[in-house]
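For reference, the structure discussed in these notes is given below.
Protein chains: 2
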Amino acid sequence: MKKKKHRMTKQRKYILEVLRQTTIHPTADWIYEQVRKEIPNISLGTVYRNLKLLAEMGEISILDYGSSYSRFDGNPENHYHFTCTECDSVFDLGIPMDEFIDKEISNKTPFLVESHRIEFYGLCPDCQNKI
Amino acid sequence: MKKKKHRMTKQRKYILEVLRQTTIHPTADWIYEQVRKEIPNISLGTVYRNLKLLAEMGEISILDYGSSYSRFDGNPENHYHFTCTECDSVFDLGIPMDEFIDKEISNKTPFLVESHRIEFYGLCPDCQNKI
DNA sequence: CTATTTGCAAACGCTTTGCCTGATT
DNA sequence: AATCAGGCAAAGCGTTTGCAAATAG
Chain A
441 MKKKKHRMTK
451 QRKYILEVLR
461 QTTIHPTADW
471 IYEQVRKEIP
481 NISLGTVYRN
491 LKLLAEMGEI
501 SILDYGSSYS
511 RFDGNPENHY
521 HFTCTECDSV
531 FDLGIPMDEF
541 IDKEISNKTP
551 FLVESHRIEF
561 YGLCPDCQNK
571 I
Chain B
441 MKKKKHRMTK
451 QRKYILEVLR
461 QTTIHPTADW
471 IYEQVRKEIP
481 NISLGTVYRN
491 LKLLAEMGEI
501 SILDYGSSYS
511 RFDGNPENHY
521 HFTCTECDSV
531 FDLGIPMDEF
541 IDKEISNKTP
551 FLVESHRIEF
561 YGLCPDCQNK
571 I
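Those protein sequences? They're chains A and B, same order as listed. The first sequence begins at 441 in the working numbering and counts up by one. The second sequence begins at 441 in the working numbering and counts up by one.
Here's what the structure looks like:
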């Protein structure tokens with residue numbers, strides 16, 4: 441594992457700056473539009489490459505959920521899931537939904553919370569043994 | 441709003457059956473492969489159309505995470521989010537992470553939990569006023 | 001210098017859609 | 001007959017990648 445050197449190009453620097461100065465959790469395209477005001481000929485590919493790199497560097501975070509494709513669940517009831525970070529399997533958790541947390545957050549914040557989902561991450565039994 | 445009638449075709453029926461008999465939270469493609477064993481000339485498009493319809497009917501649930509594109513966050517620290525179901529805005533919640541929940545789930549289940557994320561859904565202040 | 005990064009455009013991969021034929025009521 | 005669903009293939013769309021030229025250190 442060789443450590444790579446990262447240059448702080450003006451593109452990278454400005455992308456990070458734009459992201460640090462907003463709280464709207466923008467899409468790549470929105471960021472692209474903002475950066476274009478300063479660096480008109482930047483390409484979308486560069487934006488994507490830098491967002492990915494900045495996330496790897498721990499400077500920002502990405503709010504997708506890992507895989508690119510959807511998963512389907514024969515159980516239509518809301519319930520919690522556990523995703524193994526090693527093998528990507530998704531399991532149902534047999535623990536009950538927290539009934540009160542929505543109300544609690546509604547009281548503590550200006551948001552009216554109607555539902556929530558919790559995703560746990562870690563190692564499934566099989567992968568705990570493999571490592 | 442007119443209510444549509446849904447016929448229970450053999451394709452739809454078998455897709456639902458496959459999904460009900462597994463707990464692996466499969467992808468559309470995996471479902472397609474399973475159904476093909478029974479209905480060899482079914483098309484992927486039909487699988488997608490039915491999965492979407494079954495979800496609308498409340499028979500199954502889809503584990504994608506809403507929008508098709510990623511959102512980026514200038515804050516690399518893990519924290520909770522609130523998504524407005526009306527305007528799709530994403531907000532940071534100023535509440536602290538629950539430090540103990542990972543251990544609690546690790547104790548109660550066979551999974552080794554290393555982290556979790558919680559997404560709350562409901563109405564943001566602006567949209568509460570609009571409705 | 002030279003390894004990294006960029007712009008451009010083409011490719012990717014999952015999902016959706018249009019169109020027409022076939023099935024159901 | 002009228003409506004709903006399916007098969008097929010093309011289109012869609014956000015994202016990734018290959019490549020030659022540019023550039024940071």
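Using N, Cα and C, we set each Cβ at its ideal position, and we do this for glycine too.
Proximity of phenylalanine 512 of chain B to chain A, defined by a Cβ-Cβ separation below 8 Å, is satisfied.
Of all residues in the stretch 542 to 555 of chain A, those with a C-beta nearer than 8 Å to a C-beta of chain B are Asp542, Ile545, Ser546, Lys548, Thr549, Pro550, Phe551, Leu552, Val553, Glu554 and Ser555, reading in chain order. Comparing C-alpha distances from glutamate 499 of chain B to each of A/Phe512, A/Lys450, A/Lys548 and A/His465 shows the shortest one belongs to A/Phe512. Here threonine 463 of chain B is exposed. Its C-beta has fewer than 16 other C-beta atoms within 10 Å.
Interface residue (Cβ-Cβ distance to chain A less than 8 Å): glutamine 568 of chain B is classified as such. With respect to the 8 Å criterion, aspartate 542 of chain A and serine 555 of chain A are classified as neighbours on the basis of their beta carbons.
Under a criterion of Cβ atoms nearer than 9 Å, the residues of chain B adjacent to tyrosine 509 of chain A are, in order, Thr467, Ala468, Asp469 and Asp504. Closer than 8 Å to the CB of aspartate 532 of chain B there is at least one CB belonging to chain A. Judged by beta-carbon spacing, isoleucine 545 of chain B lies beyond the 8 Å limit of isoleucine 545 of chain A, meaning their Cβ atoms are not closer than that value.
Excluding five sequence positions before and after valine 458 of chain B, the CB atoms of its chain that fall closer than 7 Å to its own CB belong to Ile471, Gln474 and Val475, given in chain order.
Residues of the stretch 452 to 466 of chain A with a C-beta less than 8 Å from any C-beta of chain B: Leu456, Leu459, Arg460, Gln461, Thr462, Thr463, Ile464, His465 and Pro466, listed in chain order. As the crow flies, the alpha-carbon of leucine 494 of chain A is around 8 Å from that of leucine 456 of chain A. Near chain A, meaning a CB-to-CB distance below 7 Å, the residues of the stretch 484 to 501 of chain B are Leu491, Gly498, Glu499, Ile500 and Ser501. For cysteine 564 of chain B, the chain A residues whose Cβ falls inside 9 Å of its Cβ are Pro550, Phe551 and Leu552, in order along the chain. Fewer than three pairs of CB atoms, one per stretch, sit closer than 8 Å, so the stretch 512 to 527 of chain A makes no contact with the stretch 482 to 491 of chain A. For serine 546 of chain B, the enclosing alpha helix (DSSP H) starts and ends at 541 to 548.
The beta-carbon distance between glycine 562 of chain A and phenylalanine 540 of chain B, rounded to whole angstroms, is 15 Å. This is too long to meet the 8 Å contact definition. In the structure shown, aspartate 532 of chain A adopts extended strand secondary structure according to DSSP, grouped into three states. Residue pairing for aspartate 469 of chain A: DSSP places it in no beta bridge. Selection A/His519, A/Lys477 and A/Cys527 evaluated against proline 565 of chain A yields A/Cys527 as nearest (Cα-Cα). Relative to methionine 448 of chain B, the option among B/Met497, B/Pro466 and B/Asp469 whose CA is nearest is B/Met497.
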